[in-house]
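Here the structure comes first, spelled out in C-alpha cells, and everything after it is commentary.
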DNA sequence: GTGGTCTAGACCACC
DNA sequence: GTGGTCTAGACCACA
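Protein chains in written order, with my numbering: chain A, 1 to 131; chain B, 1001 to 1131; chain C, 2001 to 2131; chain D, 3001 to 3131.
Shown next as C-alpha cells:
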C-alpha cells in the first residue's frame, strides 16, 4: 500500500485516498481480506489528520469496498455492488457523456478517444465478460 | 438555448450551465458566433442569482469556449484548445482510468462499458477522424 | 422540524438526527423540496457541534434521502432508492428475523407481535400496494 | 452449537455470538440446561480472543439467557424476562417502527413487508398464543 | 491498539 | 450565509 497525496490537486485528500485504494483493488494489487494500513499508521505516513483517513475509510465502508472492524482494522471486502444495475449503468453513462463532450472541445477525435478508452479499460480488471 | 438546472444534482449550478453550453456546442445546436443569452436574461429565466451566471460565463471565457464583447454580449468562439495535445490526452486519460476503476467496482463488464462508451461518443460530434 | 436528542441513549447523536428526519418524511411531515434547518441553526438549537449535524446530513445525502446544495441548504429529495430490490428485502428481512428472536426471548407471542407490527406499519406511509 | 462469525459484518463479534445463541434457543436447537461450550473451547474453535467470548457470555448471563455455574460451565436458562410486559412491548415497538420507516424509504410496500415479517415470525418459535 | 463518535475551530467553494 | 473539507484532540466500544 503506497498512497501518494497531491496537495496541489483540487481533489479532496480523502477522495484521493479512496481513488487510490479502489485503483489498487482494480489492479489486483489488493485482494479480498488484505489489511489496509491502520488509520493512525496512514495518517502518520502521509502526515495528515487521522480524521481525514477515517473519513475515507468510512466512505469506502459505505460503498461496500472495504470492511472495518473496530479493534481489528480495515480489510478489503468482496466485490459486490448493492446498487441496482440500472443505476450503475446510468452513473457510468453520465460520466462518459461528459467526457465525450470534453473530448469534442479538446478536439480529440473519436479514434484517439477510443484508444485512450481501451488503454484505460485494459489496465484494470474490467472483466471482458459478465462476472 | 434551453438550459435546465437540476436542483437535485450535486453538481454546482454554474457548472451545470457550463456543461450544457458545451454540450449544445458539441451537439451542433450552438455554432460559432451564436449569441448566448445575457447574464440578466438567463438569470431571470432560470430564477438564479446573476452572479452564478456571470461566474459560468467568466469561466467559459477563460476556457476559450465563448468570447464576450463588452456591450454586445457573449458569443460562441472557435474551437481552439489552448492546451497542448499531450496535455489534453492526459486529462482525458486520467478520467477514463477513473471510470474504468469505477466500472470494475460496479461489476460492469468491459463489453457493457464499451457499449456505454460508444453510445456516448456517437451522441456527440466527436469527429471520427482528427477534426 | 422539531428534533429531540436523547443523551442517555446509546444511539449516536448523528444517528438520532437521521432517525427523526427519516421518520418525519415517512410520516408525511416533511415532503419533497422542504428545506431542512441549516447545519448551524440546528447545531445551535440542539446545542451540539455543527460537525455532528453535518455528518448526519452527509449520510442522508449519501442515502439519497436529502439533497444538499452548498450556499442554499439541505432539502428533502425524491423517494428513490438506488439499492437493488433484492438487497433492500434482505436488509429488512435480517432485522425482522432478529426481532422475531428477541420477541421469543421476551415471551411476546406472535399475535401480539403482529399487532405491534401492524401498529408500526400503519403509522407510516408504507404504501399498501407497490408504488 | 455451531457458531459462525461473519467478519464482513459490522456487527461486533461478541454480539454475533449472542445473536446466534439466542437464535438457536428460539429455534429449539438449544433447550434449558443444555451446556454451552466453555469460553476456552469456543475461543479456540472460532479462533477468537477469549475475552470476546467471555464478554458475550457475561452479557447473556446479565440478560438471564444463560446461567454460569462456576467450575461447571454455562447452561441455557429458563425463559424468564426480568422486564415488565409493557417495557418489552415498548422495546419491540420502537424497533418495528424504525423498520417501518426504513421500509418506506426503501419503497417496500406493506404487503411485501408483511410477507417478510411472517417469514421471520414463522421461522422461530414465536408462540401463536401467549406462551 | 483498533476504528467510531464528538467537540472546537479554521478555511474554502457556492450562491 | 450555506454546506464541505481539514485539523487537533478527547473519549469510548471492540478485540
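All C-beta atoms, glycine included, are put in the ideal place defined by N, C-alpha and C. A quick note: this is a predicted structure, and the numbers were derived from the prediction, not measured.
| Item | Value |
| --- | --- |
| Just checking: is the beta-carbon of residue 42 of chain A within a distance shorter than 8 Å of some beta-carbon in chain B? | no |
| Helix, strand or coil for residue 1066 of chain B, going by three-state DSSP, please let me know. | strand |
| Does residue 1093 of chain B get closer than 8 Å to chain A when you measure Cβ to Cβ? | yes |
| If you draw a straight line from the alpha carbon of residue 1108 of chain B to that of residue 1100 of chain B, how long is it in whole angstroms? | 9 Å |
| Determine the chain A residues that contact residue 3081 of chain D at a beta-carbon separation under 9 Å, and present them in chain order. | Neighbours of residue 3081 of chain D on chain A: none; closest Cβ ~30 Å, over 9 Å. |
| Compare the C-alpha of residue 2103 of chain C against each of D:3103, D:3106, D:3083 and name the closest. | D:3083 |
| With a CB to CB cut of under 8 Å and the five nearest residues on each side skipped, what residues in its chain are close to residue 3011 of chain D? | 3019 |
| Pull up the CB-CB distance for residue 2035 of chain C and residue 2078 of chain C, whole angstroms please, since I reckon it's below 8 Å. | Contact flag wrong, Cβ pair sits at about 15 Å. |
| Roughly how many angstroms separate the alpha carbons of residue 1025 of chain B and residue 1 of chain A, rounded to a whole number? | 43 Å |
| List the DSSP bridge partners of residue 117 of chain A. | Paired residues: none, contrary to the question. |
| Contact criterion: CB-CB distance below 8 Å. Does residue 2077 of chain C meet it with respect to chain B? | yes |
| Output the distance between the C-alpha atoms of residue 1054 of chain B and residue 2072 of chain C, rounded to the nearest integer angstrom. | 18 Å |
| Could you compute how far the alpha carbon of residue 1017 of chain B sits from the alpha carbon of residue 1044 of chain B? | 14 Å |
| Just list the beta strand (DSSP E) runs in the stretch 2048 to 2105 of chain C, keeping only unbroken ones of 3 residues or longer that don't cross its boundaries, in chain order. | 2066 to 2069, 2073 to 2076 |
| Give the interface partners of residue 87 of chain A over in chain C, defined as CB-CB distance under 7 Å, in chain order. | 2082 |
| Who are the near neighbours of residue 3014 of chain D in its chain, counting only those whose CB is closer than 8 Å to its CB and skipping five residues on each side? | 3052, 3053, 3055, 3056, 3059 |
| Tell me, please, whether the CB atom of residue 3104 of chain D is closer than 8 Å to any CB atom in chain C? | yes |
| Using 8 Å as the Cβ pair cut-off and three pairs as the minimum, do the stretch 85 to 98 of chain A and the stretch 2087 to 2095 of chain C touch? | no |
| Whose C-beta lies closer than 7 Å to the C-beta of residue 2040 of chain C among residues of the same chain, with five residues either side of it excluded? | 2050 |
| Between residue 58 of chain A and chain D, is there a C-beta pair that is closer than 8 Å? | no |
| Taking its Cβ as the centre, do 16 or more other Cβ atoms sit within 10 Å of residue 1110 of chain B, making it buried, or is it exposed? | buried |
| So, under 8 Å CB-CB, residue 1042 of chain B and residue 1003 of chain B are touching, yes? Tell me the CB distance rounded to an integer number of Å. | 7 Å |
| Going by beta-carbon coordinates alone, are residue 1067 of chain B and residue 1030 of chain B separated by less than 8 Å? | no |
| Please report the residue range of the alpha helix (DSSP H) in which residue 3107 of chain D lies. | Where residue 3107 of chain D is concerned, there is no enclosing alpha helix (DSSP H), given that its DSSP letter is neither H nor E. |
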